[in-house]
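When you number the sequence shown by the working numbering, it's gap-free, plus one each residue, and the end is 441. Beta carbons: idealized from backbone N, C-alpha and C, even for Gly. Notes follow the structure.
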Amino acid sequence: MDAAEIKKLDKAHIMHSWAVNATLDPTVISDVDGVYLIDGNGRKILDFSSQLLCVNVGHKNQKIIKAIQEQAEKVCYVYPGFSYESRVKLGQTLAGVTPGDLEKFFFTLGGAEANDNAIKIARAYTRKHKILARYRSYHGATFGAITLTGDPRRPPVEPGIPGVIHVLDPYCYRCPFGSTYPECGIQCVEHIAEVIQYEIADTVAAVIIEPVTGSNGIIIPPDGYLKRLREICDENNILLIADEVMSGFGRTGQWFAIQNWDVVPDLITMAKGLTSSYIPLGAVAMCREVSSTLDEEMLYCGLTYNAHPLSCAAAKATIEVYREEKLIENARVMGSILKAELERLKEKHACVGDARAIGLFSCLELVKNKRTKEPLSPYNAMGKAAENSTEISKHLMARGLFTFVRWMFLFIAPPLSISEDQLREGLSIIDEVLDYADTLTEK
Ligand SMILES: Cc1ncc(COP(=O)(O)O)c(C=O)c1O
């Protein structure tokens, strides 16, 4: 099929997510290779966001493809109540990379379902019901997960589920308390302790956080934040849930982002990098205390595709690829080059207010004015209000680079397999486009 035919059928039959479909003109992708996408006209595009920050190992990894093919030849499906080899092998392999004693898993199809099930598990274990989540967060689009979400994707679909309370973020660039680290004493985490007091600890089941916030602008917590949050949870018998759907699987230079601060949560939710998105799979990892308690009770969680044999085979192969190809080490090495280069871009360009990076998880925060920090596109902008970010995306695509420019954030999160030359190639395109973005700033 040629690109024009695909576009025609797309218009007729496909509803794309998070889009005003009538205004959408989606690029046709005809092939993929490593860190590149090939469009419908055969043009090579550098994938600087691993698609939806999920194809962590890069495109067309032969080991994962072969694992899926071989599993498909053997057994495609057995129901969740049966035991099956690819399931247990994945459980064993995954327990080898999760921190602490998080060694038992409930498998889902994606990240939102993992978060929904984590809520159920936390409520069942603690016999409490409230969940604290942060405002600058995204946890998925199912009703539970979108209620956890604090960002502007939530209000249009409210009311969601009861019992979710939002708290402020460790967003040092725009500190919600007007303070500066470290003199602030990490007020943002003490604020969570205060909210727990008001809500009464006996009603709060869990706090869910993205250890490094993803789609709300790569918010990296200051040192001490996560350790103190762990203490606050322990003091109040509240579970700590780390949503590692985006930050997990090497993205930050560790298997899981929370490991950068040596903190072990009670539950981890994951998806995306678990299979590098070659096939859908998510999971809730549970610590031994939670799983052993729930082992004695009916587990009120269920999915037809729970621990799907094909997905489990793909995930085991993916974890082996991270190890064999030393991708997490590469994320650290490339990440330090990236961090230095983003600092350079921040110094050079009037439009770059802040640069945040950890491993290959990074963004530039674009502003109209470095002093006032007025965003180049407002947080929550859509349509016409988002035209600055839309234009920047178009300029990047025109030069052969795909990444997300959403609200005031320009994300840089290429596959962990990227080479230094490829990284520098993409950064020089961004540098050029930032010259254009500088013309949008206040003189
Ligand atoms: C941190 C986080 N949690 C959950 C989700 C939802 O995952 P899914 O889209 O697989 O449901 C996402 C998706 O981007 C995410 O970034």
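beta-carbon residue i near ligand 1 non-hydrogen atom, thresh 7 Å
i	result
Ala353	no
Met268	no
Gly280	yes
Val243	yes
Gly158	no
Gly109	yes
Tyr133	no
Ala396	no
Leu130	no
Ala143	yes
Glu208	yes
Leu224	no
Asn458	Since the first residue shown for the chain is -1 and the last is 441, residue 458 is missing from the structure and cannot be characterised.
Leu50	yes
Gly38	no
Gly248	no
Ser274	no
Tyr303	no
Tyr136	yes
Ser415	no
Ser213	yes
When the options are compared against residue i, the one with the closest alpha-carbon
i	options	result
Ala120	Pro376, Leu238, Gln69 and Glu385	Leu238
Asp149	Pro160, Ile66 and Val165	Val165
Arg286	Ile266, Tyr298 and Leu279	Ile266
Gly280	Asn59, Val76, Thr106 and Gly32	Thr106
Leu224	Val210, Ile216, Asn235 and Gly108	Val210
Ser289	Leu100, Tyr196 and Ala1	Leu100
Asn54	Ser426, Val95, Pro413 and Lys9	Pro413
Ser213	Ala65, Lys344, Leu362 and Cys299	Leu362
Ser245	Arg228, Leu50, Ser375 and Ile12	Leu50
Phe409	Ser415, Leu399, Ser417 and Glu418	Leu399
Phe104	Pro78, Glu83, Leu44 and Thr178	Pro78
Ile117	Phe254, Gly142 and Asp260	Gly142
Ala396	Ile12, Lys42 and Trp16	Lys42
Asp419	Trp253, Met332 and Leu364	Met332
Met48	Tyr434, Gly424 and Thr437	The amino acid occupying residue 48 in the given sequence is Ser; Met does not appear at that position. Answer by Cα proximity: Gly424.
Ser84	Ala1, Lys72 and Leu343	Lys72
Ile230	Ile184, Met268 and Glu440	Ile184
Asp436	Ala379, Leu340, Tyr123 and Lys368	Lys368
Ile163	His127, Ser177 and Tyr179	His127
Val26	Ile428, Ile356 and Lys6	Lys6
Glu188	Leu227, Asp221, Pro219 and Pro220	Leu227
Asn328	Ala70, Phe359 and Asn113	Phe359
Asn234	Gln195, Leu336 and Ala65	Gln195
Pro278	Gln90, Glu111 and Ala1	Glu111
Tyr276	Ala1, Cys310 and Leu92	Cys310
Val261	Gly98, Glu345 and Val403	Gly98
Beta-bridge partners of residue i, as assigned by DSSP
i	result
Thr267	Asp241 and Val282
Pro373	Val365
Gly32	His57
Thr106	Gly280
Val450	There is no way to answer for residue 450, as the model of the chain reaches only from -1 to 441.
His164	Ala131
Ala204	Ile129 and Leu237
Phe359	Ile356
Asp429	Beta-bridge pairing links Asp429 to no other residue.
Val319	According to DSSP, Val319 bridges with nothing at all.
Thr211	Ile217
Ile27	Asp37
Lys42	Ile36
Val350	Leu364
Leu100	Cys285
Any 3 or more C-beta pairs closer than 8 Å across the region 46 to 60 and the region 311 to 320: Under the Cβ criterion (8 Å, minimum of three pairs), the region 46 to 60 counts as touching the region 311 to 320.
Would you say the region 152 to 168 touches the region 297 to 304, given that touching needs at least three Cβ pairs under 8 Å? Because the criterion of three Cβ pairs below 8 Å is not met, the region 152 to 168 and the region 297 to 304 do not touch.
State whether the region 170 to 187 contacts the region 198 to 210, with contact taken as three or more CB pairs (one from each stretch) at a distance under 8 Å. Segments in contact, no.
Indicate whether the contact test is met: 3 or more Cβ pairs, each with one atom in the region 413 to 422 and one in the region 27 to 36, closer than 8 Å. Counting Cβ pairs under 8 Å, three or more are found: they touch.
If we count Cβ pairs, one from each stretch, closer than 8 Å, do we get three or more for the region 247 to 254 versus the region 290 to 297? The region 247 to 254, when compared against the region 290 to 297, does not touch it at the 8 Å Cβ threshold.
Touch check for the region 347 to 356 and the region 367 to 383: three-plus C-beta pairs under 8 Å? Yes: the two stretches touch, three or more of their Cβ pairs being nearer than 8 Å.
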